[in-house]
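Using the numbering used here, read the sequence shown as starting at 27 and increasing by one per residue.
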Amino acid sequence: MVRIRVLVVDDHRIFAESLAAALAAEPDVDVAAAGSGPAALRCLERAAADGRRFDVMLVDADLGTQPVVPGARAVVARAVPDNGEEGLVDGISLVAGVRSGQPAVRTVVLAEKDDPRRAALALQAGASGWVAKDCSLQRLLAVIRGVLRDETHLPPALLTGVLRELTAARKHRTESERLVESLTPREREVLRCMVAGLGRKAVAERLFLSPHTVRTHMQNVLGKLGVHSTLAAVALARRAGVGPVDLAGDVVERGGQLA
Numbered sequence: 027m028v029r030i031r032v033l034v035v036d037d038h039r040i041f042a043e044s045l046a047a048a049l050a051a052e053p054d055v056d057v058a059a060a061g062s063g064p065a066a067l068r069c070l071e072r073a074a075a076d077g078r079r080f081d082v083m084l085v086d087a088d089l090g091t092q093p094v095v096p097g098a099r100a101v102v103a104r105a106v107p108d109n110g111e112e113g114l115v116d117g118i119s120l121v122a123g124v125r126s127g128q129p130a131v132r133t134v135v136l137a138e139k140d141d142p143r144r145a146a147l148a149l150q151a152g153a154s155g156w157v158a159k160d161c162s163l164q165r166l167l168a169v170i171r172g173v174l175r176d177e178t179h180l181p182p183a184l185l186t187g188v189l190r191e192l193t194a195a196r197k198h199r200t201e202s203e204r205l206v207e208s209l210t211p212r213e214r215e216v217l218r219c220m221v222a223g224l225g226r227k228a229v230a231e232r233l234f235l236s237p238h239t240v241r242t243h244m245q246n247v248l249g250k251l252g253v254h255s256t257l258a259a260v261a262l263a264r265r266a267g268v269g270p271v272d273l274a275g276d277v278v279e280r281g282g283q284l285a
């Protein structure tokens, strides 16, 4: 019998442990529970190191934010927390980080209520499903087995709203990409440094520029992007797919765009 390894991630421990116990009663399911994003990352890393990777991760949509443990930071390197803070793991960004670091793990978001916007964000982050917490155990098991067949599961009532959100997101992304393309290569370098959270002095040291020159570049970036703050510029850059500069290496230009 092929066994399915499931990780339940919910900061309400009674719910997490109760769901884990219910799933463990199934003859083909092995299950573990984690009470936070960092705890989930540790479980995933240990399982991968032991050659016993999890197949499916069930994540609370309202998972509380917790500091990322240093050893797990690589797993969420591409995760973008909803609240814009670096070094935190909420439900959606945990999905994104796991999708990036362990793409073979399917993720399903468990939600108290249907929310088309957040469901769309979950799908964009790499989730394979969005399931109400009040669904039956048999329904949840069907979703778990379905996502392992590369199916995507959404409640029928959410489909129209999620499609609307995804369409709007593509439109915003296209506009954001157009604005980013208007930047010079040097301005894109500065923008990527901003996405990485570097201040003016740090950007100046990295790019071997004077702080005054960096200030001018930052003002030009904000002007061309049509925003009034660094946070807004970073949010727009993220929508356009611009990632942070690699703080451990050099900025590389590929095909006219920074890599």
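C-beta: ideal position from N, C-alpha, C; glycine also.
Handout entry: Nonlocal neighbours in the same chain, by C-beta distance under 6 Å from V131, ignoring five residues either side
Key = F80, M83, V124
Handout entry: Segment contact flag, the stretch 39-53 with the stretch 65-73, C-beta cutoff 8 Å, min 3 pairs
Key = no
Practice task
Taking only the alpha-carbon atoms, compute the straight-line gap between L217 and A66 and give it to the nearest angstrom.
Solution key: 32 Å
Problem - Residues of its chain near D108, where Cβ-Cβ distance is below 8 Å and the 5 sequence neighbours each way are ignored - result: In this predicted model, D108 has a pLDDT of only 36, less than 50, meaning its place in the structure is not dependable; the value taken from the coordinates is given anyway. Excluding residues within five positions, the ones whose Cβ falls inside 8 Å are D116, I118, S119, L147.
Problem - CA nearest to the CA of P237, picked from G225, V247, N246 - result: G225
Handout entry: Cutoff 6 Å; reference L45; Cβ partners in own chain excluding five residues on either side
Key = V34
Practice task
Pull up the distance between the alpha-carbon of V240 and that of M220, whole angstroms please.
Solution key: 11 Å
Handout entry: H179 vs S154 beta-carbon contact at 8 Å
Key = yes
Exercise for the section: Just the C-alpha distance for T150 and D141, rounded to the nearest angstrom, thanks. Expected result: Looking at the sequence itself, residue 150 is Gln, so the reference to Thr does not match. Cα to Cα, the separation comes out at about 14 Å.
Handout entry: Short Cβ contact (8 Å threshold) for W156 with A137
Key = yes
Handout entry: For A60 and E43, believed in contact at Cβ under 8 Å, the rounded distance
Key = With a Cβ gap of about 10 Å, E43 and A60 do not count as contacting.
Problem - R78 in three-state terms, based on DSSP - result: coil
Problem - Residue from E203, A258, A145 with nearest C-alpha to R185 - result: Note on residue identity: the sequence assigns Leu, not Arg, to residue 185. Cα-wise, what sits closest to L185 is A145.
Handout entry: Beta-carbon spacing of D37, S62 below 8 Å
Key = yes
Exercise for the section: Using a threshold of 8 Å, state whether the C-beta atoms of E201 and V247 are closer than that. Expected result: no
Practice task
Report yes if the C-beta distance between V57 and V28 is below 8 Å; otherwise report no.
Solution key: no
Problem - Cβ pair V206, A266 closer than 8 Å - result: yes
Exercise for the section: Please confirm whether any heavy atom of the ligand GDP lies closer than 7 Å to the CB of G61. Expected result: Among the components of this structure there are no ligands whatsoever, and the ligand GDP is therefore not found.
Practice task
Please classify T210: does DSSP put it in a helix, a strand, or coil?
Solution key: coil
Exercise for the section: Measure the C-alpha to C-alpha separation of G223 and V135 and round it to an integer number of angstroms. Expected result: 29 Å
Exercise for the section: Hey, could you find the ends of the alpha helix (DSSP H) L224 is sitting in? Expected result: Taken as a continuous stretch (DSSP letters only), L224 belongs to no alpha helix (DSSP H), as it is neither H nor E.
Exercise for the section: Provide the residue span of the beta strand (DSSP E) that contains R29, from first to last. Expected result: Here R29 belongs to no beta strand (DSSP E), and DSSP marks it neither H nor E.
Practice task
Quick one: measure Cβ to Cβ for K250 and L209, integer angstroms, because I've assumed they're closer than 8 Å.
Solution key: 6 Å
Exercise for the section: Using 10 angstroms around the beta-carbon of T242, count the other beta-carbons present and answer buried if the total reaches 16, otherwise exposed. Expected result: exposed
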